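Peer 1: Using the working numbering, read the first sequence as starting at -17 and increasing by one per residue.
All residues carry an ideal CB built from backbone N, CA and C; glycine is no exception.
Since the model is a prediction, treat every value here as computed from it, not as a measurement.
Below is a structure I'd like to ask you about.
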Amino acid sequence: MNLEPIIKENVAAAIKSLYDQAVEPSQVQVQLTRSEFTGDHTVMVFPFLKMSKKSPEVTGGEIGEYLIANMKVISSYNVVKGFLNLVIDNGYWIDRLNEAIPNEQYGFVAPTDQSELVMIEYSSPNTNKPLHLGHIRNNLLGFSLAEVMKANGYKVVKTNIVNDRGVHICKSMVAWQRFGNGETPETNGKKGDHLVGEYYVKFDQQYKSEIAELLEKGRSEEQAKEEAPSIVATREMLLKWEANDPEVRNLWKMMNSWVYAGFDETYKTLGVDFDKIYYESDTYTIGRDEVLRGVKEGIFQQESDSSVWANLEKEGLDKKILLRSDGTSVYITQDIGTAQLRYRDYPIDHMIYVVGNEQIYHFQVLSLLLDKLGYKWGKDLYHFSYGMVELPNGRMKSREGTVVDADDLVAGMVDVAKAVSMELGKLDGYSEAEKENIYHIVALGALKYFILKVDPKKTMTFNPEESIDFNGNTGPFIQYTYARIRSILRKADETGVSVPQFAQVGTLNEKERSLLKIISLFPDVVKEAGTAHSPAVVANYVYDLVKEFNSFYHDHSILNEPDNAIRDFRLVVAQTVAKIIKNGFSLLGIRVPERM
RNA sequence: GGCCCGGUAGCUCAAUGGAUAGAGCAACAGCCUUCUAAGCUGUAGGUUCUUGGUUCGAUCCCAAGCCGGGUCACCA
-17 MNLEPIIKEN VAAAIKSLYD QAVEPSQVQV QLTRSEFTGD HTVMVFPFLK MSKKSPEVTG
43 GEIGEYLIAN MKVISSYNVV KGFLNLVIDN GYWIDRLNEA IPNEQYGFVA PTDQSELVMI
103 EYSSPNTNKP LHLGHIRNNL LGFSLAEVMK ANGYKVVKTN IVNDRGVHIC KSMVAWQRFG
163 NGETPETNGK KGDHLVGEYY VKFDQQYKSE IAELLEKGRS EEQAKEEAPS IVATREMLLK
223 WEANDPEVRN LWKMMNSWVY AGFDETYKTL GVDFDKIYYE SDTYTIGRDE VLRGVKEGIF
283 QQESDSSVWA NLEKEGLDKK ILLRSDGTSV YITQDIGTAQ LRYRDYPIDH MIYVVGNEQI
343 YHFQVLSLLL DKLGYKWGKD LYHFSYGMVE LPNGRMKSRE GTVVDADDLV AGMVDVAKAV
403 SMELGKLDGY SEAEKENIYH IVALGALKYF ILKVDPKKTM TFNPEESIDF NGNTGPFIQY
463 TYARIRSILR KADETGVSVP QFAQVGTLNE KERSLLKIIS LFPDVVKEAG TAHSPAVVAN
523 YVYDLVKEFN SFYHDHSILN EPDNAIRDFR LVVAQTVAKI IKNGFSLLGI RVPERM
């Protein structure tokens, strides 16, 4: 489909024929012509000046003549400085459009039996507090990445590793036992994850006041932190948990079940899901066994206090602890166990971890450790790291209460969507259920697009005061364009005009040409998003397409076009633009409304 | 301090080593009797952090520096 390789070959042949010099086609630089110049593809002639020993203009002209003579799809050329602009025949773009028309999955590659399996881990929450803005970026990126990989023909398994054990959850449990009075999500109607989060906060407050008390009694800060009754109780509880104490285990199960119910609700609202969920309480012992095997095989070292270490100094890193002196697991040990279990469960070809960039070092270490333990996939694990979401005055800090809660944020967005819709009177005449559905689609479209259009690796800023805009380069703007096109198609249908199967038109005006060019790019964009691992590629492309369409829509009528052939052609183009918006947004996990 | 990542318009963000660095928001000026104004068309806004280097050509690659962030736990 893509003309670039063919152009490159022909340019190489032209150089051979004209100047008797061998040039690899891959050395020829071709790009899309910038919109302010005439043409579709542009060949850089600068690199060939040494061979032609002629001016850029003359060289470009000679190559242009050769291409015209040898490539039917090129209808004309022009040379500006050292840029050889090639004009591709209208028929070529019409052909591309006709390929797109019948294919509902335009731009997507279907998986085959030979397709590789990629497992994507994302979300990975702790069970002691609700999800916040940072998790939202993680969840949206993870889900979108999975969709992009699917669209590139991979088999994808979405997985979530729940950090359900350890000190943090014991803290919530201790506080609930002490202050809870048997309160549950059922008795007070609170969302389970929020309820547990409240006790985590209560623990921290209590712990701090105990420390302050002990400091007044003359203890050192270190002593106070060790001796505070709350932390002592927490440690005891963790030991009991490890020892399978029935009472502690039941409390743990009960409180975790509240949290999971809450998370499920948030996941559902965000529209993300998982094929397989792992729990660290199931995997951490496997990690411990693996580490002990490593000790036996001389890969890791056990110290006299029986703690186990990996020496990664040869690899340019530090020594890393794998098991504490009391034999318990640390974070990375659990990841080793989880990895082991996953590869036992699935024939994984590629493993992607969607985890914040503050853990880059962690995954470097994990990769080396898995490699040392003899897993061939250790070296190849891919850490899809993304930047933090910051507030205008810096990081979110739970201590300062500046954490933006995921549920609150979404609810706020829905309220804004509702208010804006009502003000504009867009949905008058529709049922309440329909309206609510659209508010939800628009609100999440705004939020998701806002986050996904930014290069994942960059730290991004979110201003809760200003909320998220619905105008300009936003999800709702793109959704709006989709809704408008759907409206046109409905009206065409009502007046008895059916959208034709195939596009035919005599000539193309400038805007039509531009649109067709952008339409034909979509499959390449999906591919690029897959290799660059960036949903932002898709988001920015869809925005460009919509801008171009709106500009066209402003200049040219569709339904009121007197010439039926032109009207039909434009209907087909509009329909195809709508399809790409829909397909592109589905890669971002964003829904599109039929009307808004 | 070692390692990693950023720095582009007042703000939020784009820009496979190419042509005059682009959008949106905010500001200003226009466009609703027409297929949806959540829109469209203009104006204004830039030493792409700095200095060197490579190149026909650098926001992009290399080196050094400046600023900001992350990370180097018997935390997760």
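Going by C-alpha to C-alpha distance, which of L363, S106 and D308 sits closest to V583?
Peer 2: Outside the modelled stretch of the chain, which goes from -17 to 578, sits residue 583, for which no answer is possible.
Peer 1: In or out: N52 buried (at least 16 other Cβ within 10 Å) or exposed?
Peer 2: Taking the first residue of the first sequence as 1, we reach residue 52 at position 70. By the neighbour-count rule (16 or more Cβ atoms within 10 Å), N52 is not buried but exposed.
Peer 1: Helix, strand or coil for K302? Go by DSSP, reduced to three states.
Peer 2: By 1-based counting over the first sequence, the position of residue 302 is 320. DSSP places K302 in strand when its eight states are reduced to three.
Peer 1: For the alpha helix (DSSP H) that contains Y1, what are its first and last residues?
Peer 2: Along the first sequence, one-based indexing puts residue 1 at 19. E(-14) to Y1 is the extent of the alpha helix (DSSP H) around Y1.
Peer 1: On a Cα-Cα basis, can you pick out the residue from F65, Y48, T94 and L113 that is closest to D387?
Peer 2: Counting from one through the first sequence, the residue named residue 387 turns up at place 405. Nearest option by C-alpha distance: L113.
Peer 1: What did DSSP end up calling S58 once you bin it into helix, strand or coil?
Peer 2: The residue you call residue 58 lines up with position 76 of the first sequence. Strand.
Peer 1: For Y368, count neighbouring Cβ atoms within 10 angstroms of its own Cβ and tell me buried if that reaches 16, exposed if not.
Peer 2: Position 386 of the first sequence, counting from 1, holds the residue named residue 368. Under this definition Y368 is a buried residue.
Peer 1: Between which two residues does the alpha helix (DSSP H) holding V574 run?
Peer 2: Along the first sequence, one-based indexing puts residue 574 at 592. Note, V574: premise wrong, no alpha helix (DSSP H); not H, not E.
Peer 1: Going by beta-carbon coordinates alone, are V69 and D22 separated by less than 8 Å?
Peer 2: Position 87 of the first sequence, counting from 1, holds the residue named residue 69. Position 40 of the first sequence, counting from 1, holds the residue named residue 22. Yes, these two residues count as a Cβ contact at 8 Å.
Peer 1: Output yes or no for whether 8 Å exceeds the beta carbon distance between N120 and H150.
Peer 2: Indexing the first sequence from 1 puts residue 120 at position 138. Indexing the first sequence from 1 puts residue 150 at position 168. Contact: no.
Peer 1: Counting only the same chain and skipping the five closest in sequence on each side, list residues whose C-beta sits under 8 Å from that of E86.
Peer 2: Position 104 of the first sequence holds residue 86. Result list for E86: K561, in chain order.
Peer 1: Going along the chain, which residues of its own chain have a beta-carbon closer than 7 Å to the beta-carbon of D257, five neighbours each way excluded?
Peer 2: The residue labelled residue 257 in the question sits at position 275 within the first sequence. Counting only Cβ-Cβ distances below 7 Å, and skipping sequence neighbours, we find V139, K140 and T141.
Peer 1: Based on Cα-Cα distance, which residue from E416, K408 and P458 lies nearest to V424?
Peer 2: Working through the first sequence from its first residue, we reach residue 424 at position 442. It is P458 whose Cα lies nearest to the Cα of V424.
Peer 1: Only counting the same chain, and skipping five residues up and downstream in sequence, which positions put a Cβ closer than 8 Å to that of K440?
Peer 2: Start at 1 with the first residue of the first sequence, and residue 440 comes out as number 458. Once the five neighbours on either side are set aside, the close Cβ partners of K440 are G369.
Peer 1: Which residues mark the beginning and the end of the alpha helix (DSSP H) in which L355 is found?
Peer 2: Within the first sequence, residue 355 is the residue found at index 373, counting from 1. Where L355 is concerned, there is no enclosing alpha helix (DSSP H), given that its DSSP letter is neither H nor E.
Peer 1: Candidates G338, L429 and K132: which alpha carbon is nearest E448's?
Peer 2: The count along the first sequence starts at 1 and reaches residue 448 at position 466. Among G338, L429 and K132, the Cα nearest to that of E448 belongs to L429.
Peer 1: Measuring alpha carbon to alpha carbon, tell me which of P(-13), H332 and I(-3) ends up nearest V12.
Peer 2: Numbered from its first residue, the first sequence carries residue 12 at position 30. Among P(-13), H332 and I(-3), the Cα nearest to that of V12 is on P(-13).
Peer 1: Under the three-state reduction of DSSP, which class applies to N67: helix, strand or coil?
Peer 2: The sequence position of residue 67 within the first sequence is 85, counting from 1. Here N67 sits in strand by DSSP.
Peer 1: Is it true that the stretch 173 to 191 meets the stretch 146 to 160, where meeting means three or more beta-carbon pairs spaced less than 8 Å apart?
Peer 2: Touching, per the Cβ criterion.
Peer 1: Sort out for me which residues DSSP pairs G376 with in a bridge.
Peer 2: Your numbering for residue 376 matches position 394 in the first sequence. DSSP lists L373 as partners of G376.
Peer 1: Are G319 and T265 touching if we call contact CB-CB under 8 Å?
Peer 2: Position 337 of the first sequence, counted from the first residue, corresponds to residue 319. Position 283 of the first sequence, counted from the first residue, corresponds to residue 265. Yes. Within cutoff.
Peer 1: Quick one: any contact between the stretch 283 to 297 and the stretch 305 to 318, if contact means 3 or more CB pairs under 8 Å?
Peer 2: Contact between the stretch 283 to 297 and the stretch 305 to 318 is present, because at least three Cβ pairs lie under 8 Å.
Peer 1: Going by alpha carbons, who is nearest to I334 out of N453, E103 and Q483?
Peer 2: Residue numbering aside, residue 334 sits at position 352 when the first sequence is read from its first letter. For the residues N453, E103 and Q483, the minimum Cα distance to I334 belongs to E103.
Peer 1: Which residue wins for smallest C-alpha separation from R552, given the options V487, S413 and G360?
Peer 2: Residue numbering aside, residue 552 sits at position 570 when the first sequence is read from its first letter. That would be V487, whose Cα lies nearest to the Cα of R552.
Peer 1: I'd like to know if the stretch 497 to 512 and the stretch 524 to 539 are in contact, where contact means that at least 3 CB-CB pairs between them fall below 8 Å.
Peer 2: Contact holds: three or more Cβ-Cβ distances are below 8 Å.
Peer 1: In this structure, how does DSSP classify V392 when only helix, strand and coil are distinguished?
Peer 2: Here residue 392 is taken as the residue at index 410 of the first sequence, counted from 1. Of the three classes helix, strand and coil, the one that applies to V392 here is helix, per DSSP.
Peer 1: Would a C-beta distance cut-off of 8 Å place S34 and T41 closer than the cut-off?
Peer 2: As a position in the first sequence, residue 34 is number 52, starting the count at 1. As a position in the first sequence, residue 41 is number 59, starting the count at 1. Contact flag set, yes.
Peer 1: Give every residue of the same chain whose Cβ lies closer than 7 Å to the Cβ of F282, excluding the five residues on either side of it in the sequence, and list them in chain order.
Peer 2: For the purposes of this step, residue 282 is taken as residue 300 along the first sequence, with counting starting at 1. For F282, where only same-chain residues beyond five positions count, the Cβ hits under 7 Å are V273, G276, V290, W291, A292 and L304.
Peer 1: Whose C-alpha, out of V559, Q159 and E405, is nearest the C-alpha of E229?
Peer 2: Translated into the one-based positions of the first sequence, residue 229 becomes position 247. Ranking V559, Q159 and E405 by Cα distance to E229 puts Q159 first.
Peer 1: Give me the Cα-Cα distance between P438 and I118, rounded to the nearest whole angstrom.
Peer 2: Sequence index remark: in the first sequence, residue 438 carries index 456 (1-based). Sequence index remark: in the first sequence, residue 118 carries index 136 (1-based). Rounded to whole angstroms, P438 to I118 spans 13 Å at the Cα level.
Peer 1: Would you call the stretch 478 to 487 and the stretch 63 to 83 touching, i.e. three or more CB-CB distances under 8 Å?
Peer 2: Segments in contact, yes.
Peer 1: How is Y136 classed by DSSP in three states: helix, strand or coil?
Peer 2: Residue mapping note: residue 136 aligns to position 154 of the first sequence, counting from 1. Looking at Y136 - three-state DSSP - the assignment turns out to be coil, as it is neither helix nor strand.
Peer 1: Let's see if you can read the secondary structure: which residues bound the beta strand (DSSP E) around M26?
Peer 2: Position 44 of the first sequence, counted from the start, is the residue given in the question as residue 26. Residues H23 to M26.
Peer 1: Would V554 pass as a contact of V436 if the rule is Cβ separation under 8 Å?
Peer 2: Here residue 554 refers to the residue found at position 572 of the first sequence. Here residue 436 refers to the residue found at position 454 of the first sequence. No, the Cβ-Cβ distance between V554 and V436 is not below 8 Å.
Peer 1: Report all residues from its chain with a CB closer than 6 Å to the CB of G116; omit the five preceding and five following residues, and keep chain order.
Peer 2: Sequence index remark: in the first sequence, residue 116 carries index 134 (1-based). If we look at G116 and ignore the five residues flanking it on each side, its Cβ neighbours are V371.
Peer 1: Quick one: grab the DSSP three-state call for D95.
Peer 2: Counted from its first residue, the first sequence places residue 95 at position 113. Coil at D95, not helix or strand.
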